Every structure is written in structure tokens, then in C-alpha cells.
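Just below is one structure, and these are the notes that go with it.
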Amino acid sequence: MTQEEVFKNLTAHCKEYGFVFQSSEIYDGLSAVYDYGQMGVELKNNIKKYWWDAMTRLNENIVGIDSAIFMHPRIWEASGHVGAFNDPLIDNKDSKKRYRADVLLEEYLAKLEEKMNKEVEKGKRKFGESFNEEQFRATNPNILRTKTKYDEVHGRMVAALEANDLNALRQLIIDCEIACPISGTKNWTEVRQFNLMFSTQLGNISGEDGTIYLRPETAQGIFVNFLNVQKTGRMKIPFGIAQIGKAFRNEIVARQFIFRMREFEQMEMQFFVRPGEELEWFKKWKETRLAWHKTIGLGDEKYRFHDHDKLAHYANAATDIEFEFPFGFKELEGVHSRTDFDLGNHQKFSGRKIQYFDPEKNESYVPYVIETSIGLDRCFLAVLSSAYCEEALENGETRVVLRIPAPLAPVKVAVLPLVKKDGLPEKAREIMDDMKYLFNCQYDEKDSIGKRYRRQDAIGTPFCVTIDHDTLKDNCVTIRYRDTMEQERVPISSLHSIIDEKVSIRSLLAKLR
Ligand code: ATP
């Protein structure tokens, strides 16, 4: 099965098992907006908890806030979003589809990279043990040709983006002979800039334009509360403020399920440091964040850094942590060194002094900022796309199993009486009533035990506990493990410790030590 087919199946599975629904489905849906169902919300909450605890509990100098979505409109002038939060868009005249010009070019570059990697794979097969990849890349004529093309296109793209030269971007798309994936033609419009912020009206402010924006990032809520938190929390630099919340962007090219949505959730942390020390902290946070991702256990090889070619107006260093989604390596989290741009501009625009008095240096300054910004929905998609597995069993059947890391799994334990009579449901309820205070449990007595196991596999429940007639005599149950399908007879009294060790968020946090 191709990755595309697997992804299609995963999307259907998310709906069938209550993870993600299209928003407003009974009205034919709202494009690029999604609702999380009964399973999805549990997984999402578990990811949030892991991030929140890793940030605020493990770091004494990081505290959290929850700021409002509506903010004073001047904030978005100060942050640069009113003037510069734009995407360069281009339309195909035949399909009438709209694309981000930079994304079309990035996809073109990714194809060249794939071509070079395929050539390397061929070489590996041909030369076996004696294969030297570095030398091969430096000498193979096919690779060298592709590399020259790659460097040329990449160089022109970066220059065009940096100079905001929309004509040059369009020319590059034409020169690369990029065709619309829908119509297959190269009949392109001009490239235009499009602001991504949603606006709405705030009541009726007399004499004033009441236009306000839905926040396109949660970060500004942190910056405008810098003094509040620093003073009331008696925070000393370096320190951080974390926040989880909704953000809104009028994404024109909304594709790939929950990867790019118009309403999404971010988990952001702004870390305030002394001027001049920001690049050291930037390096540290890059590594710290990558380590956090890796502890989730989706596979270390699925992550990579991608340093930005074009720095945003506020940054002096920036990198993406990319994840290998079924549709390729894509941004999962951004780590940015935002200098003193945000606090400095809020100082200017608000007329309030936003500075920190550093007792050690005996001076006041506008702190510099390192930002870590992860999309919660993208993290959710990373977990699910790695977990989704269609597995052929020895008996010729297939099972769909979500191998979600146990601490993040929506349901931790299913409690299953073997039959619906003979006192087994009562015993099962007793066990469930004990465990529900500790773990998210599900009780199920309908259908054969095999069918019930499959249902739990499909939502990623790591443990099934089966109560049979012997349980009434020996107080033992059968515990069945999702990944291996192995079964083990254990005393009821040991259930708690067996399960807790595997499913607690604590076990993930401990890996960050
Ligand atoms: P992209 O280049 O993919 O548009 P970005 O660089 O604009 O992303 P940031 O502004 O750095 O993204 O936002 C931080 C994080 O928020 C991203 O790493 C991503 O995980 C998440 N994010 C951004 N836009 C969306 C969206 N439309 N839908 C879901 N998550 C998003």
C-alpha cells in the first residue's frame, strides 16, 4: 500500500472511531476546520499534559498563563502581523486552485532531493559493503547534475522571498515548469500577497473602528503579559512563560487533513534572556525540544532540524523541527530566536516601559526571547500517523491497531467480562470501579471477546483485562497486551502496578531527566 493510501485509511479511521470529525458535517462541512471526537479529545489532552508538565513542572523558572483570544488591535500592528503576515499566493487558471508559491517551490525541491536519495540507494545496492556515501554524492554525475539544479532553484527562491519579489517567484515557478497537480497545466496567474488574519467587529466603539483580529499565534498574549508575570511571580531572568491555546489563520491552501487548519491549537513557550545570550539559549532549546519529541517514542529517525532559509522579520536564528508525516518531512515545531523585537515594539506602541532590571548587572534592558512553538494538532497527527498499522495476522486475518504510546492512549484499560452472565459483569464492574479513579477505563460486554479486542486495538487501548469464571475463584484475570497480543494471568491486586508503570505521563517525564 502506498503512503497516500495509508493516509487515506487513517483519515477514515479517525472518523470511524471518534478521533476527528469534519466540522459542521451535517451541513456538508467547513473546509479546513475539524472537531475532535470522544477519543481525539483524550489523546489531545494527554499530549497537552505531557507538554505542560515538561515545561512548567520540570523547569522551576517556567510558568504558565492563559490569555484571551481577543486582544487590542494595536498588538497586531506592533507584532508586524497587520503589515507582514502574508502568504504569496498563485492560482492555476485552469483548475482555479490556489497555491502558496513558496510551497510549490519547496515541493519541487523536495522532489529533487528524493531523486538524489534514490540514486544513493541504487549505489548502495550496487557497491554493497564498500559503499562510501559521501564520496558517491561528491562524484556521481547524475547526483551532481541534480544538485546543481537544486542549488540554483533554492538560491533563487531564497533571494525572491527575501526581497519580497513576487515576479521573481512566479518566474521561478515557470522556469521549473511546475504544473498544477489538479489540471496538469502551467497556466499560472500573477503571485499576490494575502493577509492570513481573520477579523471581526468588537461591539460598537463610538468613533473608533471596532475591527479586531482572532489571534494568529498565542505568543503575543505572553509578550503583553511579560511585566504582569515577571512582577507578580517575582521571576528572574532567564525565565519562561508557557501557554496552550487556539490560534486562527485564514490558510488558503488548506490540505492534508489536520496538518493545516484554519482554527488550530498551539503550545508555545517564550523564554526571556539577557541580550547577547540568546543564541546560546536558542541552541539549548533546540536540543531540549528535540529530546522531548523523541521521548514520545515514535522513532528518532522521524525527526530532523530544518534551519530557515528566510528569517522572519523578528528573528536572528530559526529552525523547524520536522517530522516525517506520510506525506513527507514537514514542520512540527518552530524554535525561533526573536531578539527584542516583540517586547521592544510593544514598548514603542503602548508607550509603557517594558524592561527588566537585572540586579546582577545593575542595569535595565529589554530582554531577548527564544520561542518554542509547536502545533498541538500536528503533534496529534504525528502520533496517529505513526501509530496506525494494518497488520496481517498468522490466521490470515488483518487487524487495524493504533500503537499509540501508552501514556498518550485515550483509553488505558478495557474491562471485559468473558460472558454477560454468571456474575462476571458484576465482578468486572467491581474492578472497573476501582480502576476508574486511576486510569481512563472502558467497560465492554457486547460481542465475542475477539471482536472486543479488535475494537480496543482500533482505538489504541494498551491493556485489556478479561474476567472469566476462574476469576470468581482465584481473583486472577487475564491481561492482554495490545502490541504483542500476548496474554498473561495475573492477580487483580497487581493490575494497578502493571498498568501504572506503563501508562503514566510520569514515565515520559522521567525520560527527560
Ligand atoms: P507553516 O510553514 O507550515 O505554515 P508556520 O511556519 O507558519 O507553519 P509558525 O508560525 O512557526 O508556523 O507556527 C508554529 C507552529 O504552529 C507550527 O510549527 C505548526 O506546528 C503550527 N501551525 C501553524 N499553522 C498551522 C495550521 N494552519 N494548522 C495547524 N497547525 C499549524
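Residue numbering for the sequence shown follows my numbering, beginning at 993 and increasing consecutively.
Ideal Cβ placement from N, Cα and C applies to all residues, glycine included.
Please read these numbers as outputs of a predicted model, since none were measured by experiment.
Using the three-state DSSP reduction, which class does residue i fall into: helix, strand or coil?
i: M1261; result: strand
i: T1476; result: coil
i: R1207; result: coil
i: L1430; result: coil
i: N1078; result: strand
i: V1327; result: strand
i: Y1445; result: helix
i: A1234; result: strand
i: L1096; result: helix
i: Y1142; result: helix
i: H1305; result: coil
i: F1172; result: A small correction: the amino acid at residue 1172 is Cys; Phe does not occupy that position in the sequence shown. DSSP places C1172 in coil when its eight states are reduced to three.
i: F1333; result: helix
i: N1187; result: strand
i: K1322; result: strand
i: I1313; result: strand
i: D1292; result: helix
i: I1471; result: strand
State the start and end residues of the unbroken beta strand (DSSP E) segment that holds residue i.
i: P1409; result: 1405 to 1409
i: S1191; result: 1191 to 1193
i: L1394; result: 1390 to 1394
i: Q1014; result: 1012 to 1014
Examine ligand 1 and report whether any of its heavy atoms sits within less than 8 Å of the Cβ of residue i.
i: A1239; result: yes
i: F1256; result: yes
i: F1251; result: yes
i: G1415; result: no
i: S1377; result: no
i: G1072; result: no
i: D1369; result: yes
i: H1328; result: yes
i: D936; result: Since the first and last residues shown for the chain are 993 and 1505, residue 936 lies out of range.
i: S1365; result: yes
i: L1324; result: yes
i: E1316; result: no
i: E1154; result: no
i: E1418; result: no
i: N1034; result: The question names Asn, but residue 1034 is Glu in the sequence shown. E1034 Cβ: outside cutoff for every heavy atom of ligand 1.
i: E1493; result: no
i: E997; result: no
i: E1272; result: no
i: E1126; result: no
i: E1069; result: no
i: E1382; result: no
i: N1422; result: The residue asked about is misnamed: residue 1422 is Glu in this sequence, not Asn. No - ligand 1 has no heavy atom lying nearer than 8 Å to the Cβ of E1422.
i: E1008; result: no
i: E1243; result: yes
i: E1355; result: no
Which stretch, first to last residue, makes up the alpha helix (DSSP H) that contains residue i?
i: D1369; result: 1368 to 1379
i: L1164; result: 1158 to 1167
i: V1033; result: 1030 to 1044
i: D1466; result: 1461 to 1466
i: D1492; result: 1487 to 1495
i: R1066; result: 1066 to 1070
i: F999; result: 995 to 1008
i: V1025; result: Counting along the chain, V1025 falls outside any alpha helix (DSSP H), and DSSP gives it neither H nor E.
Relative to the C-alpha of residue i, which candidate in the options has its C-alpha closest?
i: L1188; options: R1266, I1459, E1209, N1242; result: N1242
i: Y1091; options: N1134, A1046, N1132, F1186; result: F1186
i: K1238; options: K1228, R1254, L1097, L1410; result: R1254
i: D1414; options: L1368, E1437, V1095; result: E1437
i: P1065; options: R1207, Y1042, C1168; result: R1207
i: V1482; options: K1494, D1466, G1232; result: D1466
i: T1458; options: G1147, T1224, S1377, V1405; result: V1405
i: S1378; options: E1389, V1393, K1007, Y1348; result: V1393
i: N1051; options: T1470, G1343, L1368, M1261; result: M1261
i: S1365; options: V1145, A1160, K1040; result: K1040
i: V998; options: Q1248, A1398, M1063; result: Q1248
i: L1501; options: K1000, W1043, A1307; result: W1043
i: M1424; options: E1113, V1469, T1331; result: V1469
i: F1264; options: M1108, E1169, L1097, Y1348; result: Y1348
i: D1167; options: P1173, D1157, I1174, K1178; result: K1178
i: I1396; options: D1334, Y1473, L1136; result: Y1473
Give a single yes or no on whether residue i has its beta carbon closer than 8 Å to a heavy atom of ligand 3.
i: L1097; result: This structure lacks ligand 3; the ligands present are ligand 1.
Are the region 1060 to 1078 and the region 1336 to 1354 touching by the rule of at least three beta carbon pairs closer than 8 Å? yes
Below 8 Å, how does it come out for the region 1126 to 1138 and the region 1050 to 1065: are there three or more Cβ pairs, yes or no? Because the criterion of three Cβ pairs below 8 Å is not met, the region 1126 to 1138 and the region 1050 to 1065 do not touch.
Can you find at least 3 beta carbon pairs, one from the region 1166 to 1183 and one from the region 1075 to 1090, that sit closer than 8 Å? yes
Is it a yes or a no for the region 1407 to 1421 touching the region 1026 to 1039, going by three-plus beta-carbon pairs under 8 Å? Result no; under three Cβ-Cβ pairs closer than 8 Å.
Would you say the region 1161 to 1174 touches the region 1094 to 1105, given that touching needs at least three Cβ pairs under 8 Å? yes
Any chance the region 1343 to 1362 sits against the region 1001 to 1013, with 3 or more Cβ pairs inside 8 Å? no
May I ask you to verify whether the region 1266 to 1276 touches the region 1291 to 1304, counting CB pairs closer than 8 Å and requiring at least 3? no
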